[in-house]
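Data first, discussion second: the structure below is written as structure tokens.
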Amino acid sequence: MQASDADIEILDLRHFAAPVLRPLLDAEASIWAERLHWDYRSSVRLLMQYLDNRMLPGYALIESGRVIGYVFCVYEDTKAVIGDVFALPGAQENDTGLASTAYSREVTLLRHLFELLLNSPHVERIESQLLLHPSGLFAPVFREAGFEVYRRLFLVQPLEGRRSQPLVELPPHLEFRAWRDTDLAPAARLICEAYRNHPDSSINDQYRSVHGSLRFLNNIVRYAGCGAFAAQGSYVVADRVSRELAALVLGSRVSERSGHLTQVCVHPAFRRRGLARMMLAQAVSSFLRMGAAEISLTVTEANAGAIRLYYDEGYQRAHSFDAAVWRHTPTA
Ligand SMILES: CC(C)(COP(=O)(O)OP(=O)(O)OC[C@H]1O[C@@H](n2cnc3c(N)ncnc32)[C@H](O)[C@@H]1OP(=O)(O)O)[C@@H](O)C(=O)NCCC(=O)NCCS
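In terms of this note's numbering, the sequence shown opens at residue 1340 and continues consecutively.
Structure follows, in structure tokens:
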């Protein structure tokens, strides 16, 4: 039996303590594991801390006293980032397509959050990357609210049978080495240079400044913002004297069997010399040593050069999802 709309309530997420959402988060974690081979439990732990501190802006969908869906965002100054939306399917239903109950619940939650954010005078920009949800699913809902939508690909490379490859010969002033904590600030400068006029800096405005890139890096490296950072699967090409970086790959562990590359970039002055290919190959060797069976990464569909590189290196498309961006346009 389906619940009628009258049985459904949408309430501020901050009314709820973590244990009430636990069954919902556990159900979501199993979809992350199945679809992306991603252990979502560490994200669940982080989310539960925020929920317990009543710090997470968003909404919960309640049916007969039970939380069956949620959406949340985080604020970064004048930007809001929609972190996730998820709802349980109806009874005896497990599909996630347009016709499913889960989908209509998620759309309802998203629309509530849009209404809140689009009427918050301090919010000048909204970003969202709903990695779990297939590309196209929510695109009309985002577009209808004034967002631009960019398709992104989730690529996976099986590691079995991969062999290590020789290093590229570098000029004497450059060294190829493992990541160090002191690389954070030079890495932020590199990211800012590498993503100038790049589609990804339309999707994530942190890439547009050194300060923003440092925030991005801190989130990945220090706060496990995208899996558990794996220093031993992360490499740089650095100038021996200035310590500035010419290239960088960052790896994380997203499950027992899966590594994920959270960043790959090469300074414009050092491109097309095989640096990215070399770093990808080294990351493969490291993750193999760590016992991983595959590596994944995400790439924007418009980033044709990078996609060519990844396909050439043996990555395959396993999933696609949407990134969406809304910008405040001042009225004259
Ligand atoms: C994508 C990027 C990392 C490639 O770095 P790179 O060191 O220049 O790449 P490589 O020299 O190892 O390229 C290896 C192969 O990839 C492909 N490739 C790389 N860049 C390409 C481009 N701009 N256009 C077409 N093919 C490209 C080519 O097949 C190339 O082989 P070739 O040079 O023999 O033709 C670099 O352009 C970059 O930093 N871009 C901005 C940041 C970015 O998009 N990162 C990826 C985010 S997912």
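Ideal Cβ placement from N, Cα and C applies to all residues, glycine included.
Alpha carbon of residue i to alpha carbon of residue j, nearest angstrom
i	j	result
M1340	A1430	The predicted position of M1340 is uncertain, since its pLDDT is 42 and thus under 50; a value taken from the coordinates is nonetheless stated next. For M1340 and A1430, the distance between alpha carbons rounds to 7 Å.
S1474	A1586	30 Å
S1381	M1387	10 Å
A1567	F1609	29 Å
H1512	A1569	26 Å
L1494	D1661	14 Å
H1667	L1385	30 Å
A1645	S1594	25 Å
R1372	M1617	The amino acid occupying residue 1372 in the given sequence is Ala; Arg does not appear at that position. Answer to the nearest angstrom: the Cα atoms are 29 Å apart.
R1582	H1606	14 Å
R1482	L1471	19 Å
I1347	L1455	19 Å
P1510	A1615	16 Å
V1560	S1548	18 Å
G1404	R1353	16 Å
W1665	L1364	27 Å
M1394	D1351	11 Å
A1678	K1418	Nothing in the structure corresponds to residue 1678, since the chain is present only between 1340 and 1671.
Q1504	V1603	18 Å
T1630	R1592	Before going on, a small fix: residue 1630 reads as Gly here, not Thr. Roughly 11 Å between the two C-alpha positions.
H1376	T1670	45 Å
S1659	I1530	24 Å
L1427	A1438	14 Å
S1552	Y1534	10 Å
N1558	D1544	15 Å
S1635	G1564	16 Å
T1639	L1469	13 Å
Residues that DSSP places opposite residue i in a beta bridge
i	result
H1658	F1493
A1586	V1576 and V1605
G1566	G1564
L1419	Per the sequence shown, the amino acid found at residue 1419 is Ala instead of Leu. A1419 is bridged to Y1414 and I1465.
H1599	S1591 and S1635
I1401	E1348 and V1406
R1666	R1464
V1424	V1410
P1473	F1660
Residue i CB to nearest heavy atom of ligand 1 below 6 Å
i	result
L1529	no
V1638	yes
V1623	no
A1356	no
V1507	no
L1614	yes
R1647	yes
C1604	yes
N1642	yes
A1526	no
A1533	yes
R1610	yes
Residue of the options minimising C-alpha distance to residue i
i	options	result
L1400	L1385, T1637, V1446 and F1609	V1446
L1390	Y1379, G1404, H1376 and V1410	V1410
D1522	A1484, V1507, D1578 and V1488	D1578
L1623	R1611, G1590 and R1612	Here residue 1623 turns out to be Val, not Leu, going by the sequence shown. That would be G1590, whose Cα lies nearest to the Cα of V1623.
F1425	P1607, N1392, R1361 and G1613	R1361
I1407	R1482, N1458, L1448 and R1516	L1448
L1627	L1614, R1656, R1647 and S1597	S1597
V1488	I1465, S1443 and L1452	I1465
G1572	T1440, I1542, A1517 and Y1534	A1517
E1463	V1420, T1440, R1592 and E1508	V1420
S1467	L1364, F1486, P1460 and S1459	F1486
A1663	A1526, P1505, G1630 and L1476	L1476
S1443	E1415, P1479, A1356 and R1647	P1479
A1641	R1554, A1366, T1670 and R1490	R1490
V1413	L1636, D1651, Y1398 and G1404	Y1398
R1656	G1551, F1453, Q1496 and S1369	Q1496
R1502	T1601, L1619 and A1368	L1619
D1651	S1659, S1541 and G1613	G1613
E1415	G1500, R1519, H1461 and A1368	H1461
E1633	E1514, H1451 and L1600	L1600
L1304	S1625, R1611 and S1659	For residue 1304 there is no data in the structure shown, the boundaries of the chain being 1340 and 1671.
V1507	L1492, V1576, V1359 and I1370	V1576
A1357	V1383, N1536, Y1534 and H1550	V1383
E1514	Y1562, Y1574 and F1453	Y1574
Residue i: CB within 6 Å of a non-hydrogen atom of ligand 3
i	result
A1517	This structure does not include ligand 3; its bound ligands are ligand 1.
Uninterrupted alpha helix (DSSP H) stretches inside the stretch 1478-1522 (no shorter than 4 residues): 1478-1483
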